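Participant: Handing you this structure, nothing more for now.
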Ligand SMILES: Nc1ncnc2c1ncn2[C@@H]1O[C@H](COP(=O)(O)OP(=O)(O)OP(=O)(O)O)[C@@H](O)[C@H]1O
Ligand SMILES: [Mg+2]
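Chains as they are written, first to last, in our numbering: chain E, 23 to 484; chain X, 788 to 1011.
As structure tokens, this is what we get:
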């Protein structure tokens, strides 16, 4: 029988103590495992939220709320220059205009009565003096067809071509892709034409974004709209695409600095960070508890081993007198403390996994009060656009983005506390590493004591 | 053949120095049973701990079969102990959660006795000390004091050491059992050709030895 087997056997020498040590270790390990799982789950959630936030920074003219909300359009030269900022991969620009029936042959598919009753009174774009409110048609000039309505009014989605092709980002042709409901209302197909700004525009594609507002609008090349609307070098909104999520806030700062007071710069990132702060504090709490419980487990084992070595002082002396090298005696005690730890780890692992889900929920909901208030604030802000704008504001690229951020986040707030916990191989691996570290720590101090026991002591009667 | 010359040991304590072993010299032949007597605190156990390499002397030489042991370092002393020294204690000092057989095999393990022969050797030794075969798998707590001391003797002799050091081996036993244990020590010493030093208070026990040495305040004298 070698030292390791003797050590394992010694672990069961005093069954009361074995149970005691194992139970205390199991509690500490269960706590650390559940904290690890909570931390993983929260980290995942944070990352998911951050990832869903997107890597964009939205730019709109100061005080701009929808097309009619005022503000001086931005200079395209200034916006183009944003592409030179570090970590910016693309700049999507758009110039939007509402075309009333005098400017276009198109008729909006949106029933006037419905929106008119809601927004018409505040707006100035009904025909003056007329009791019949006619909804204008929104034309968006964009240098990024395919992403122009990212997010959309309903909080997600990119327009999909249902027929035809998109124009090129740099096109200057008199072409358009038309939203599906608008196309249906006006019997437009690929190849059809309509007039806008007294110019004949050819439909090259029909898109569907799954949003009533967006699908009632027209997308045209940016340069074409700027030319036809006699607004060269003007941009009503821009979306700066950042290479990674981590750089969004620095780009936000850089864009704000570059544009100065002329523009409103928003990244959903900042708002998300604020909303995530309770999750971050849960992460911090679980990290400290994790470290604390591992250290606690190590101290428990260390003290137990110290007690055991002291109790077997004479026995250690006898082993030494019999010619056992320190190495052999140490491995015996290491095997004993490892046995305690493994038993504690097994019990702790099972218990830890079992309690991780309720613990995570408890932690998250304990800091959840601030979560909902944050979200509420954000949603209110989104809601605030209605009175802020002087009328109905259909989604533009920029606005859609802001709206989408808010809307999306509003939706997300319902799930922020729905955190999925799971234990994977990494958790098991951690448990193992922790167990080894704990056992090693527990044995090291024991070993130091063992070395100092003089074998001559066994000749002294107690 | 054990040859001890000018062995000296002083313990330095807060309360002052204790000169426990003073200039001790003596010889003992293989297979010889030597009794060491002396008052309490006279230095008997200290002398045994020096001879058994549990402690290092301040001065002097311990020569066993031509090998000088006094100058060995700690690992060297440990290794030598495992093969060439066997201890028998007053308190038996068997490992409580190992059976009689396992206690004997422990000594064989530390002496690097061939693995496959350990069982047979343990059996042989327990047989030699007269422990009932049915008791070989009992733990010490389930054996009488005399039986435990037999197991301790089997353990001390198992690895065929040259030197057996017994510190009051009969001190915890009744007179009759004590006698039997000393007789056993003499018998095994003869079969194994080992030198056995027995520390005792008991004159009757001392008389059974081949020679008697007396230690008084650290000074050793032969009793003739
Ligand atoms: N480790 C030590 N530190 C300090 N003093 C010690 C130490 N070991 C022994 N002594 C002292 O050395 C002297 C001899 O002690 P030793 O144990 O050898 O006596 P002994 O003859 O075996 O006595 P007893 O018959 O009571 O066992 C005593 O005075 C004792 O106090
Ligand atoms: Mg003594």
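For every residue, glycine included, the Cβ atom is placed at its ideal position computed from N, Cα and C.
Since the structure is predicted, the reported quantities are computational estimates derived from the model, not experimental observations.
What does residue 115(E) pair with, by DSSP beta-bridge criteria?
Facilitator: In the first chain, the residue the question calls residue 115(E) occupies position 93. DSSP, once it has assigned bridges, lists 260(E) as partnering residue 115(E).
Participant: In whole angstroms, give me the CA-to-CA distance for residue 35(E) and residue 884(X).
Facilitator: One-based indexing of the first chain puts residue 35(E) at position 13. One-based indexing of the second chain puts residue 884(X) at position 97. One C-alpha to the other measures close to 7 Å.
Participant: Here's the rule I'm using: 16 or more other beta-carbon atoms within 10 Å means buried, otherwise exposed. How should residue 838(X) be labelled?
Facilitator: For this step, residue 838(X) is matched to residue 51 along the second chain. Classification for residue 838(X): buried.
Participant: Under 7 Å Cβ to Cβ from residue 898(X), same chain only, skipping five residues before and after it: list those, please.
Facilitator: Working through the second chain from its first residue, we reach residue 898(X) at position 111. For residue 898(X), where only same-chain residues beyond five positions count, the Cβ hits under 7 Å are 869, 870, 946.
Participant: For residue 48(E), I'd like the list of residues in its chain whose CB is within less than 6 Å of its CB, leaving aside the five on either flank, ordered along the chain.
Facilitator: For the purposes of this step, residue 48(E) is taken as residue 26 along the first chain, with counting starting at 1. Around residue 48(E): 366, 369, 370.
Participant: Measuring CB to CB, does residue 29(E) end up less than 8 Å from residue 361(E)?
Facilitator: Taking the first chain and counting its residues from 1, one reaches residue 29(E) at position 7. Taking the first chain and counting its residues from 1, one reaches residue 361(E) at position 339. Their beta carbons are under 8 Å apart, which means residue 29(E) touches residue 361(E) by this criterion.
Participant: Can the beta-carbon of residue 381(E) be found less than 8 Å from the beta-carbon of residue 112(E)?
Facilitator: By 1-based counting over the first chain, the position of residue 381(E) is 359. By 1-based counting over the first chain, the position of residue 112(E) is 90. In this structure, residue 112(E) does not lie closer than 8 Å to residue 381(E) by Cβ.
Participant: What are the start and end residues of each continuous alpha helix (DSSP H) run of 4 or more residues lying completely inside the stretch 825–896 of chain X, in chain order?
Facilitator: List check, alpha helix (DSSP H) in window: 831–838, 861–871.
Participant: Compare the C-alpha of residue 888(X) against each of 912(X), 813(X), 788(X) and name the closest.
Facilitator: Indexing the second chain from 1 puts residue 888(X) at position 101. Measuring from the Cα of residue 888(X), the nearest candidate turns out to be 912(X).
Participant: Please go through the same chain and pick out, in chain order, the residues whose beta-carbon is closer than 8 Å to the beta-carbon of residue 99(E), but skip the five residues on each side of it.
Facilitator: Start at 1 with the first residue of the first chain, and residue 99(E) comes out as number 77. Correct list, in chain order: 255.
Participant: Check whether the Cβ of residue 971(X) lies closer than 8 Å to any Cβ atom in chain E.
Facilitator: Position 184 of the second chain, counted from the first residue, corresponds to residue 971(X). Not closer than 8 Å to any Cβ of chain E, the Cβ of residue 971(X) fails to qualify, so no.
Participant: Return yes when at least one heavy atom of ligand 2 lies under 7 Å from the C-beta of residue 831(X), else no.
Facilitator: What you label residue 831(X) is simply residue 44 of the second chain in a count that begins at 1. Under cutoff, so the answer is yes.
Participant: Can you find a CB in chain E that lies within less than 8 Å of the CB of residue 1013(X)?
Facilitator: Not covered by the structure: residue 1013(X). The range shown for chain X is 788 to 1011.
Participant: Listing by chain order, which chain E residues have their CB less than 8 Å from the CB of residue 877(X)?
Facilitator: Mapped onto the second chain, residue 877(X) falls at position 90. Under the 8 Å cutoff, chain E gives 483.
Participant: Can you find the residues in the same chain that come closer than 8 Å, C-beta to C-beta, to residue 954(X), ignoring five residues on each side of it along the sequence?
Facilitator: Residue numbering aside, residue 954(X) sits at position 167 when the second chain is read from its first letter. These residues qualify, in order along the chain: 831, 832, 835, 874, 875, 876, 877, 986.
Participant: Run down chain E in chain order and give the residues with a C-beta less than 8 Å from the C-beta of residue 954(X).
Facilitator: As a first step, residue 954(X) must be located in the second chain, where it is residue number 167. Within 8 Å Cβ-Cβ: 481.
Participant: Cutting at 6 Å between CB atoms, please list the residues of its own chain near residue 240(E), excluding the five before and the five after it.
Facilitator: Counted from its first residue, the first chain places residue 240(E) at position 218. Contacts found: 161, 198, 200.
Participant: Under 8 Å Cβ to Cβ from residue 978(X), same chain only, skipping five residues before and after it: list those, please.
Facilitator: In the second chain, residue 978(X) corresponds to position 191, counting from 1. Result list for residue 978(X): 915, in chain order.
Participant: Please go through the same chain and pick out, in chain order, the residues whose beta-carbon is closer than 8 Å to the beta-carbon of residue 194(E), but skip the five residues on each side of it.
Facilitator: Mapped onto the first chain, residue 194(E) falls at position 172. Within the same chain, residue 194(E) has close Cβ partners 243, 245, 246, 249.
Participant: Answer with yes or no whether the minimum CB distance from residue 345(E) to chain X is below 8 Å.
Facilitator: For the purposes of this step, residue 345(E) is identified with residue 323 of the first chain, where counting begins at 1. Taking Cβ atoms only, chain X reaches closer than 8 Å to residue 345(E), which makes this a yes.
Participant: For chain E, is any of its Cβ atoms less than 8 Å away from the one on residue 882(X)?
Facilitator: As a position in the second chain, residue 882(X) is number 95, starting the count at 1. Closer than 8 Å: yes.
Participant: Assess, as a yes-or-no matter, whether the stretch 463–475 of chain E is touched by the stretch 324–336 of chain E under the definition of 3 or more beta carbon pairs within less than 8 Å.
Facilitator: Yes: at least three Cβ pairs fall under 8 Å.
Participant: Between which two residues does the alpha helix (DSSP H) containing residue 965(X) stretch?
Facilitator: Indexing the second chain from 1 puts residue 965(X) at position 178. 962–979 is the extent of the alpha helix (DSSP H) around residue 965(X).
Participant: Does any C-beta atom of chain E lie closer than 8 Å to the C-beta of residue 893(X)?
Facilitator: What you label residue 893(X) is simply residue 106 of the second chain in a count that begins at 1. Yes - at least one Cβ of chain E is within 8 Å of the one on residue 893(X).
Participant: I'd like to know if residue 331(E) contacts chain X, where contact means its C-beta is closer than 8 Å to some C-beta of that chain.
Facilitator: As a working note, residue 331(E) is residue 309 in the first chain. By this cut-off, residue 331(E) is not an interface position.
Participant: Tell me which residues share the same chain as residue 789(X) and place their Cβ nearer than 6 Å to its Cβ, disregarding the 5 neighbours each side in the sequence.
Facilitator: Here residue 789(X) refers to the residue found at position 2 of the second chain. The residues are 815, 851, 982.
Participant: Under 8 Å, do residue 892(X) and residue 905(X) count as touching if we go by C-beta distance?
Facilitator: The sequence position of residue 892(X) within the second chain is 105, counting from 1. The sequence position of residue 905(X) within the second chain is 118, counting from 1. In this structure, residue 905(X) lies closer than 8 Å to residue 892(X) by Cβ.
Participant: Distance, Cα to Cα, residue 817(X) vs residue 455(E)?
Facilitator: Counting from 1 along the second chain, the entry for residue 817(X) is found at position 30. Counting from 1 along the first chain, the entry for residue 455(E) is found at position 433. Cα to Cα, residue 817(X) sits roughly 55 Å from residue 455(E).
Participant: Please classify residue 311(E): does DSSP put it in a helix, a strand, or coil?
Facilitator: Stepping through the first chain from its first residue, residue 311(E) is reached at position 289. Helix.
Participant: Residues in its own chain within less than 8 Å of residue 84(E) by CB, not counting five upstream and five downstream?
Facilitator: Taking the first residue of the first chain as 1, we reach residue 84(E) at position 62. Once the five neighbours on either side are set aside, the close Cβ partners of residue 84(E) are 93, 94, 283, 284, 285, 286.
Participant: Between residue 835(X) and chain E, is the shortest Cβ-Cβ distance under 8 Å, so that the two count as touching?
Facilitator: Sequence index remark: in the second chain, residue 835(X) carries index 48 (1-based). Closer than 8 Å to some Cβ of chain E, the Cβ of residue 835(X) qualifies, so yes.
Participant: On a CA-only basis, which of 826(X), 840(X), 858(X), 808(X) is nearest residue 951(X)? Give me that one, please.
Facilitator: Counted from its first residue, the second chain places residue 951(X) at position 164. Per the Cα distances, 840(X).
Participant: Just to confirm, does residue 825(X) get its C-beta within under 7 Å of one of the non-hydrogen atoms of ligand 1?
Facilitator: Looking up residue 825(X) in the second chain gives position 38. Indeed, a heavy atom of ligand 1 lies less than 7 Å from the Cβ.
Participant: Can you list, in chain order, the residues of its chain with a C-beta nearer than 6 Å to that of residue 308(E)? Leave out the 5 residues immediately preceding and following it.
Facilitator: For the purposes of this step, residue 308(E) is taken as residue 286 along the first chain, with counting starting at 1. Excluding residues within five positions, the ones whose Cβ falls inside 6 Å are 57, 60, 61.
Participant: Note the first and the last residue of the continuous beta strand (DSSP E) segment covering residue 242(E).
Facilitator: In the first chain, residue 242(E) corresponds to position 220, counting from 1. It spans 240–243 - the beta strand (DSSP E) in which residue 242(E) sits, taken as one unbroken run.
Participant: Would residue 340(E) count as contacting chain X if we go by Cβ distances under 8 Å?
Facilitator: Numbered from its first residue, the first chain carries residue 340(E) at position 318. Chain X, which has a Cβ nearer than 8 Å to the Cβ of residue 340(E), makes this yes.
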